[in-house]
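In the numbering used here, the protein residues as written are 1251 to 1989. Every residue, glycine too, gets a C-beta built ideally from N, C-alpha and C. Notes for the one structure printed next.
Okay, here's the thing in structure tokens:
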């Protein structure tokens, strides 16, 4: 095998990418390596050739071999297996291919099975390698056993009929050298023993979901990972009551093992005894390892750089501060990278401000976020969340319905926040508690911001701009063929990462310096290592001066300081700045009528709002909704009209000014007897309503437009229940606020 120090492909360009953690989804098994005198983890995902060996250093797994099968084409090795050789002095690592099995020794030879077609199907389910006596056995999930005969593999035992279904298959296989048998456990909790002479025999039924077995070299017996009875799922927390029990424990054949047993689903061997440290090691999940000297009391060791649900995170950083991951509250709290571990922060439970995580920025003291209603919030490193602005205060004109394009960053040069609206081609700065609109300059489009000591750089539509400390835009250069994912500053230079390369700004362009690691893909294309369509994500850690990549292929880092140039400088503007005085006045929102038909939460939840520029269109929309063909639904809507909110709100220039209760204006058509089949929908007397509702002035809401509704002081008609809230965005036409 090749050691990590001799890897010819790990140097890329001028720098070196270092694998920090294996793929969280493609782990294989743990085993004790007599030669290394430590447990090792076999994994797929982060290595350049997809098959790796990670060695345990007492606290974490370190990449030791990045390519276990250098002579095999990528993707041909489908399963990793290991066992200690008959002499007990080295670890044998095998890979299963469609054609047979190959040993991780650098040899090109493949052991090919000599089987019938039915046995070839069993071969494709082989997942374990064990040594029984002097014989190496390959065991399938269906119970099929293969042995080695020269350069061929022969069937020693065919599949068990009751394990042919994937609903129950062998998951954990271990050799009991004291008794000369192989012991295996299935996902349904059944225990089996095997000898070459007698084949398989079922010896117990734990009636549990997944079983993990291991050999205890001190007590000289097979042990079973056990836990509290009555729980049929892996809890991932041995400290909550997991322990190891011997099997068999002077029990008669057929006696079930002690209590319930389980193992993490899909992992063929997560448990091993560390002979060098004389303690048990359990790989409980991709993020955590548990160790225990006795198997009764367990200590959790969180694995570094693991960030669960990284694809639901928005990474953000500021000069001199840590890298932060802004998570939606559905996917966990805000996380901060401290050293090599992500530490959880907090977020206000029940608040909607964390449902949208893309408009957020790290600041020297925590994180700021723009919530769905346009209010700005500050979550300090310590303390309670504070709201800094009212909804959409000073942000009139920001298209909230296209807000996923918006980006936010902290500018250390002017101690301000910079907001770029993306598709709207507009920007704002926040300082001294208020938003101020920026002058025009950069083109519209999805942009990337980077706050520096010179100001804030914006990369948008292939152009690079600088926002100077006095809030003026200045052109810097162009990068039309650079599909950037991040822009950051390090060592006095401006950097960026594209789909495949890392580059530094030099001579008016981004100059590529090195490639991304081979398995990393930052686009929505299928990952080249796994079958996942989730792309990798890249972020810059200012404290470590490094790039960190999370993805289906694992976690990687690159030290940017090793690429710094002595003469590096931040790019200078190449044209005159657009002065802040040229900023246009903040636009005024449109005027319209809002017809609300709603029911307060607690029973039938209903929240329809029709937004139109004319009174007739608003009333006609309600009539169309109430005139449904189904009589039962028509009767239900009629009852909701009688008992719910039916209100017309008047909006002038985006501001809610007054409201009118529509119940007094309802009329019923002749012929309505009250019978369900003959009920005719109530109608609004438009002529009478027009006599009391004021006409709109100024620009009115277009048929394809939108608006942000706000008001000053208490909401008009405060005693009327309404789903409207200050700063709510609405489309023209129908809006269902309960959908």
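In the three-state reduction of the DSSP assignment, residue 1419 falls in the coil class.
A direct Cα-to-Cα measurement between residue 1318 and residue 1528 gives close to 27 Å.
Contact check for residue 1754 against residue 1766 fails: the beta carbons are separated by 7 Å or more.
By the neighbour-count criterion, in which 16 or more other beta carbons inside 10 Å mark a residue as buried, residue 1468 falls on the exposed side. Here residue 1809 carries a strand assignment [DSSP, helix/strand/coil].
Contact between the stretch 1687-1695 and the stretch 1708-1722 is present, with at least three C-beta pairs closer than 8 Å.
Inclusion of residue 1896 and residue 1959 in the CB contact set at 7 Å is not warranted, their separation being larger than that value. In the structure shown, the three-state DSSP call for residue 1973 is coil. Per the C-alpha coordinates, the member of 1980, 1866, 1772, 1315 positioned closest to residue 1946 is 1866. Bounds of the alpha helix (DSSP H) holding residue 1871 are 1865-1876. Secondary structure of residue 1738 (DSSP, three-state): strand. Below 8 Å, enough C-beta pairs join the stretch 1381-1400 and the stretch 1427-1436 to call them touching: three or more. As the crow flies, the alpha-carbon of residue 1462 is around 19 Å from that of residue 1525. Put simply, the backbone Cα of residue 1406 is about 52 Å away from that of residue 1789. Here the C-alpha atom of residue 1876 lies approximately 8 Å from the C-alpha atom of residue 1932. Residue 1828 sits close to residue 1723, with the two beta carbons spaced by under 7 Å. Taking residue 1395 as the centre and dropping the five residues before and after it, the same chain places the C-beta of 1387, 1389, 1406, 1407 closer than 6 Å to its C-beta, in chain order. Residue nearest to residue 1628 within the set 1621, 1622, 1637 is 1637 (criterion: CA-CA distance). Under the three-state reduction of DSSP, residue 1748 is assigned to coil, being neither helix nor strand.
Nearest to residue 1321 by C-alpha distance, out of 1372, 1288, 1352, is 1352. DSSP places residue 1882 inside the alpha helix (DSSP H), whose first and last residues are 1881-1893. For residue 1771, DSSP assigns no beta-bridge partner whatsoever.
A straight-line Cα-Cα distance of about 31 Å links residue 1802 and residue 1284.
CA-CA distance, residue 1739 to residue 1702, rounds to 7 Å.
A Cβ-Cβ contact shorter than 7 Å links residue 1840 with residue 1949. One alpha carbon belongs to residue 1373, the other to residue 1279, and they sit about 19 Å apart. Residue 1302 is classed as buried because its beta carbon has at least 16 other beta carbons within 10 Å across all chains shown. For residue 1938, the enclosing alpha helix (DSSP H) begins and ends at 1936-1940. In the structure shown, residue 1332 adopts extended strand secondary structure according to DSSP, grouped into three states. A direct Cα-to-Cα measurement between residue 1785 and residue 1403 gives close to 39 Å. The continuous beta strand (DSSP E) containing residue 1345 extends over residues 1341-1346. Using a C-beta cut-off of 8 Å, the stretch 1756-1763 makes no contact with the stretch 1857-1866, since fewer than three inter-stretch Cβ pairs fall below that distance. Counted as a single uninterrupted DSSP element, the beta strand (DSSP E) harbouring residue 1677 occupies residues 1677-1681.
Across the structure, residue 1795 and residue 1730 are spaced so that their CA atoms are roughly 27 Å apart.
With respect to the C-alpha of residue 1894, the residue from 1593, 1968, 1858 having the closest C-alpha is 1858. Using a Cβ distance threshold of 7 Å, residue 1845 and residue 1874 do not count as a contacting pair.
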